[in-house]
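Engineer: Take a look at this one; I'll ask things after.
There are 2 protein chains.
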Amino acid sequence: MVTIKDIAKLAGVSPSTVSRVVSNHPRISLDTSRKVKQIMEELGYHPNIMAKSLVSKTTQTLAILLPRPAEELFQNFFFGELLRGILTVANRSGYDTLLTTATGEHDEIESVARLVRGRRVDGIILLSSRVNDPIVAYLAQSEFPFVLIGSCQAHPDILSVDNDNTQAAFDATQHLIAQGHERIGFVSGPANLTVSNDRLHGYQKALEAYRLPIRSEWIVEGEFLQESGYRAMSLIMSLPERPTALVVIDDVVAFGVLRGLTELGYKVPDDISLVSFNNIALSELASPPISSIDIGTYQLGYTAAQALIRDVQEQPVQTARMVIPHRLMIRESSLSTMIKKG
Amino acid sequence: MVTIKDIAKLAGVSPSTVSRVVSNHPRISLDTSRKVKQIMEELGYHPNIMAKSLVSKTTQTLAILLPRPAEELFQNFFFGELLRGILTVANRSGYDTLLTTATGEHDEIESVARLVRGRRVDGIILLSSRVNDPIVAYLAQSEFPFVLIGSCQAHPDILSVDNDNTQAAFDATQHLIAQGHERIGFVSGPANLTVSNDRLHGYQKALEAYRLPIRSEWIVEGEFLQESGYRAMSLIMSLPERPTALVVIDDVVAFGVLRGLTELGYKVPDDISLVSFNNIALSELASPPISSIDIGTYQLGYTAAQALIRDVQEQPVQTARMVIPHRLMIRESSLSTMIKKG
DNA sequence: ACGGACTGTGCAAACGTTTTTACAACGAAT
DNA sequence: ATTCGTTGTAAAAACGTTTGCACAGTCCGT
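Chains as they are written, first to last, in my numbering: chain A, 1133 to 1474; chain B, 1133 to 1474.
Below is the structure:
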């Protein structure tokens, strides 16, 4: 392995001089600099990053931390977009990115502590919207730089990036109401996620605003999986009184709902209209194409990484709570030609 | 920051002893071990990973290296599955995982060199199937542990994991032939990827085996994008003589083809049958559900990580070239009830 | 009582950097 | 001629670990 000393010896200078050449120290003569650089080139020298980190106390590395069952996330197609947003910023700023999952129960904290206390990374991007996430609690108390993608009701004051999910769900519901629907159901995600709660809340607010009845049997909780949508759909459609439209927590779930409806012979959007969230690339390729709230996934990752890096570098961070705008993409699944009333 | 020395002082032992406690050295008395461990617990000690790496010359870190325009990959939905396979193995074996992209042209090599020469990681998982990838060339010559997911015609001897894409395409084509098709087209990917070449080759071999004509105008090259499928489809369908079935390089592309065919009023599978590759979760949710070759994406990642870790740890590695079995998932898109003959 | 094997611990060097401090050489200003 | 600022370089300490070597103490067989 070629070290700074090898270069120094060959160039007839001291190691410190080589180090200064590498870091473009102002008080190095052009001659020395050229000579050293040439030798570095010849030997293919690259500084040992561990040694560098040890003394500089910075790793130039961020961690993307996925909480417990990451399985779900990997399957979910907006994950790639999110990564892309994060990596774009990180690379540009010279940071490497560690992809880590916090597994185990008490272990969960332990695996974060390893990163934090072991100075493994300079900052953490945490993907979570658990209502009360112990990892958030740990990080908040540890004073370690981190940003949350999502939100945590127990810690509203931390650095985080999220959508206005309540407003988004309001918009989605309002759109269905504008299409003439009066009986609207909601297929939700796990109740311990703020994203589920917020969207449910927005849905309810919209119904209230338009004085439409909120029927608890039309609200079904599930997971972020197709199966979940399928099941929720059959549950709702087996009721004596059925809704004419559904707001669905996630596109993948909506795919499950759609499959179920099609199997049962319902026509979308004519029998049942659909609006969902996240606007993954395939939503518009479903048949019919699914209306979906675009949450600016790339922006979410991009903004989070940017804020974190600012924080790490102790530049002033603008706001603790950043909101990425959403946008309703209206497609065929919510454009019924004839509405069935009450 | 709490270091090994702090623990040592409080426990009234030397730093070396603490180190030995941490690494479960056999010749430490139970008493000392307990005392030290308790103090570590109290202070929340975690060893500084950089210092550790510096002396041990191992980082316990792998890099997942995505070649040039990673954009495409992030959009492609089997990426998540692949990551999941890799992370499962890596975590279990105590490795962290760096997600890196090699950007720039000459920079491409430079960014890899930084990882390799700077001892940033212990090994690299390279995602690529470029016919002649300079990164593969660099890594092969550098003696650095790495595994290729995909294959590289210029370096057939390196450690790699791939499918038998030729056979897979043969199977797909044969399936269409068995359904009675005699005029079969092929929507391919970029010509500089071995995956495109292999699959094209398998397709041609199948046609030859059954003495069916190979028509070059029915073979269209494109990208791994929906748009690409859409364009390829309209190109092929504008010909005076049209195929009755298409083999498509990738599910996402097939979605584009399907959309195009539907728009033009063709019925799938009755007018045109489809088989594609990769079997992403949404293939079966298309309408009609798309027949697809499952390439064992999770297995691909899992096997690659496993092989790499073996290599890094200098355990004997079984074979240089590992082949993950594929499986044709037959769905409605290739099950035409009535076949139009030549 | 003695040599040896074994057990438990400490000392110090090493890993490859960065950075503070020091200092030599030089030109310019007094 | 002396002082002073500037420029370029070197020496050495520090970062937090691991680990080979040394050594004191204990236990055992003779």
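Positions of the beta carbon are idealized from the N, C-alpha and C atoms, including for glycine.
Quick one: list the residues of chain A neighbouring B/Arg-1252, beta-carbon separation under 7 Å, in chain order.
Structural biologist: Ile-1181
Engineer: B/His-1458 and B/Asp-1294: beta carbons closer than 8 Å?
Structural biologist: In this structure, the beta-carbon distance from B/His-1458 to B/Asp-1294 does not fall below 8 Å.
Engineer: Among A/Lys-1189, A/Gly-1388, A/Gln-1447, which one has its Cα closest to the Cα of A/Ser-1415?
Structural biologist: The candidate whose alpha carbon is nearest that of A/Ser-1415 is A/Gly-1388.
Engineer: Between the Cα of B/Gly-1397 and those of B/Pro-1421, B/Met-1369, B/Glu-1340, B/Asn-1208, spot the shortest distance and give me the residue it belongs to.
Structural biologist: B/Met-1369
Engineer: Do A/Ala-1377 and A/Ser-1405 have their beta-carbon atoms positioned less than 8 Å apart in this structure?
Structural biologist: Pairing A/Ser-1405 with A/Ala-1377 gives a Cβ-Cβ distance under 8 Å.
Engineer: How long is the line joining the alpha carbons of B/Phe-1318 and B/Val-1384, rounded to whole angstroms?
Structural biologist: 15 Å
Engineer: Check whether the Cβ atoms of A/Val-1268 and A/Leu-1259 sit closer than 8 Å, and answer yes or no.
Structural biologist: Not in contact: A/Val-1268 and A/Leu-1259 (Cβ atoms no closer than 8 Å).
Engineer: With 16 as the cutoff for other CB atoms within 10 Å, does A/Tyr-1227 come out buried or exposed?
Structural biologist: buried
Engineer: Going by the DSSP bridge assignment, what does B/Gly-1317 pair with across the sheet?
Structural biologist: B/Leu-1378
Engineer: What first and last residue would you give for the alpha helix (DSSP H) that runs through A/Asp-1443?
Structural biologist: Unbroken alpha helix (DSSP H) run through A/Asp-1443: 1429-1444.
Engineer: Out of A/Ile-1196, A/Leu-1344, A/Gln-1336, A/Ala-1245, which has the shortest C-alpha to C-alpha gap to A/Leu-1440?
Structural biologist: A/Ile-1196
Engineer: Taking CB distances under 8 Å as the criterion, tell me whether B/His-1178 reaches chain A.
Structural biologist: Closer than 8 Å to some Cβ of chain A, the Cβ of B/His-1178 qualifies, so yes.
Engineer: Below 8 Å between beta carbons: does that hold for B/Gly-1428 and B/Ile-1462?
Structural biologist: With contacts defined by Cβ atoms closer than 8 Å, B/Gly-1428 and B/Ile-1462 do not form a contacting pair.
Engineer: Taking only three categories from DSSP, how would you classify A/Leu-1280?
Structural biologist: strand
Engineer: Do you know how far the Cα of A/Leu-1271 is from the Cα of A/Leu-1280?
Structural biologist: 10 Å
Engineer: In chain order, what residues of the same chain have a beta carbon less than 6 Å from the beta carbon of B/Cys-1284, not counting five sequence neighbours either side?
Structural biologist: Asp-1265, Val-1268
Engineer: So which residues on chain B does A/Glu-1213 lean against when the C-beta distance must stay under 7 Å?
Structural biologist: Phe-1206
Engineer: Per the DSSP calculation, A/Thr-1232 is bridged to which residue(s)?
Structural biologist: A/Leu-1197
Engineer: I want to verify the contact list: residues of chain B whose CB lies under 7 Å from the CB of A/Ser-1185, in sequence order.
Structural biologist: Met-1182
Engineer: Using a cut-off of 9 Å between C-beta atoms, extract the partners of A/Pro-1245 located in chain B.
Structural biologist: According to the sequence provided, residue 1245 of chain A is Ala. The question's Pro does not apply to it. Those are Gly-1176, His-1178, listed as they occur along chain B.
Engineer: Which residues in the same chain as B/Asn-1208 place their Cβ atom closer than 7 Å to its Cβ, once the five residues preceding and following it in sequence are excluded?
Structural biologist: Phe-1356, Val-1384
Engineer: Secondary structure at A/Gly-1397, three-state DSSP: helix, strand or coil?
Structural biologist: coil
Engineer: Check whether the stretch 1133-1152 of chain A touches the stretch 1167-1181 of chain A, counting contact only when three or more Cβ pairs, one atom from each stretch, lie closer than 8 Å.
Structural biologist: yes
Engineer: Tell me, to the nearest whole angstrom, how far the beta carbon of A/Thr-1298 is from that of A/Leu-1339; I am working on the premise that it is less than 8 Å.
Structural biologist: Not really, about 13 Å apart at Cβ, beyond 8 Å.
Engineer: Could you tell me whether the Cβ of A/Arg-1463 comes closer than 8 Å to any Cβ of chain B?
Structural biologist: At a cut-off of 8 Å between beta-carbon atoms, A/Arg-1463 makes no contact with chain B.
Engineer: Do the stretch 1241-1251 of chain B and the stretch 1245-1258 of chain A touch if we need at least three Cβ pairs shorter than 8 Å?
Structural biologist: no
Engineer: Quick check: the Cα distance between A/Glu-1174 and B/Pro-1448, rounded to an integer number of angstroms?
Structural biologist: Each residue's Cα considered, the two are about 34 Å apart.
Engineer: Short of 6 Å in beta carbon distance, which residues of its chain neighbour B/Val-1379, apart from the five on each side in sequence? Order them along the chain.
Structural biologist: The residues are Ala-1304, Thr-1305, Phe-1318, Tyr-1335, Val-1407.
Engineer: Tell me, please, whether the CB atom of B/Phe-1209 is closer than 8 Å to any CB atom in chain A?
Structural biologist: Yes, because at least one Cβ of chain A sits closer than 8 Å to the Cβ of B/Phe-1209.
Engineer: Comparing alpha-carbon positions, which option in B/Met-1172, B/Ile-1160, B/Phe-1276, B/Leu-1215 lies nearest B/Gln-1445?
Structural biologist: B/Phe-1276
Engineer: Using a beta-carbon distance cut-off of less than 8 Å, what residues from the stretch 1410-1439 of chain A approach chain B?
Structural biologist: Ala-1413, Leu-1414, Leu-1417, Ala-1418, Ser-1419
Engineer: What are the boundary residues of the beta strand (DSSP E) that A/Leu-1460 is part of?
Structural biologist: Run containing A/Leu-1460: 1459-1461, per the beta strand (DSSP E) assignment.
Engineer: Runs of 4 residues minimum, wholly inside the stretch 1305-1379 of chain B: which ones carry the alpha helix (DSSP H) assignment?
Structural biologist: 1326-1341, 1358-1369
Engineer: Determine the closest residue to B/Arg-1442 out of B/Leu-1291, B/Gly-1176, B/Lys-1141, with distance taken between C-alpha atoms.
Structural biologist: Comparing Cα-Cα distances from B/Arg-1442 to each of B/Leu-1291, B/Gly-1176, B/Lys-1141, the minimum goes to B/Leu-1291.
Engineer: Once DSSP output is grouped into helix, strand and coil, what is the label at B/Arg-1391?
Structural biologist: helix
Engineer: Can you tell me which of B/Met-1133, B/Thr-1191, B/Glu-1213 puts its alpha carbon nearest to the alpha carbon of B/Ala-1413?
Structural biologist: B/Glu-1213
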